[in-house]
Amino acid sequence: MEKNLTIKVPASSANIGPGFDCLALALDIWNTITVSSGDNTVSINGYGKEFLPKNQSNLIFKSFHRIFQETGQSPLVSILSVKTIYQLEKD
Numbered sequence: 002m003e004k005n006l007t008i009k010v011p012a013s014s015a016n017i018g019p020g021f022d023c024l025a026l027a028l029d030i031w032n033t034i035t036v037s038s039g040d041n042t043v044s045i046n047g048y049g050k051e052f053l054p055k056n057q058s059n060l061i062f063k064s065f066h067r068i069f070q071e072t073g074q075s076p077l078v079s080i081l082s083v084k085t086i087y088q089l090e091k092d
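Sequential numbering of the sequence shown, starting at 2, is according to this note's numbering.
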């Protein structure tokens, strides 16, 4: 039986105007990460698909493997599909 895990991460805008770190805005924009069993591949669609790593050096891929390593479980992460809508880090 194939196991899949999908995580949706919402976008936000912090530091709005004179609110500094006190005001933020939640947006209805999401990055979607899907993890399933397979052959250790990384697929990226959307923002960053030209330059984000599509192999096991991908930070999201490494993070999932680390979780399983730390908990003593067999890694579920084999196929990582990332659909990015917004930039993942500040310039």
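Idealized CB from N, CA, C, for every residue including glycine.
Take the Cβ of residue i as the centre, count every other Cβ of all protein chains shown within 10 Å, and call the residue buried at 16 or more, exposed below.
i: Phe-52; result: exposed
i: Phe-65; result: buried
i: Ile-30; result: exposed
Helix, strand or coil for residue i? Go by DSSP, reduced to three states.
i: Lys-84; result: strand
i: Lys-50; result: coil
i: Ser-38; result: coil
i: Lys-44; result: For clarity, residue 44 is Ser in the given sequence; the question names Lys instead. In this structure, Ser-44 counts as strand in the three-state DSSP scheme.
i: Lys-9; result: strand
Would you grab the beta carbon distance between residue i and residue j for me? Rounded to a whole angstrom, and I think it's under 8 Å.
i: Thr-33; j: Thr-7; result: 7 Å
Whole angstroms is fine: what's the gap from residue i's alpha carbon to residue j's?
i: Leu-81; j: Lys-50; result: 13 Å
i: Ser-75; j: Phe-69; result: 6 Å
i: Gly-73; j: Ile-45; result: 28 Å
i: Gln-57; j: Thr-85; result: 18 Å
i: Phe-62; j: Ala-27; result: 26 Å
i: Ser-38; j: Cys-23; result: 41 Å
i: Lys-4; j: Asp-40; result: 14 Å
i: Pro-11; j: Thr-35; result: 15 Å
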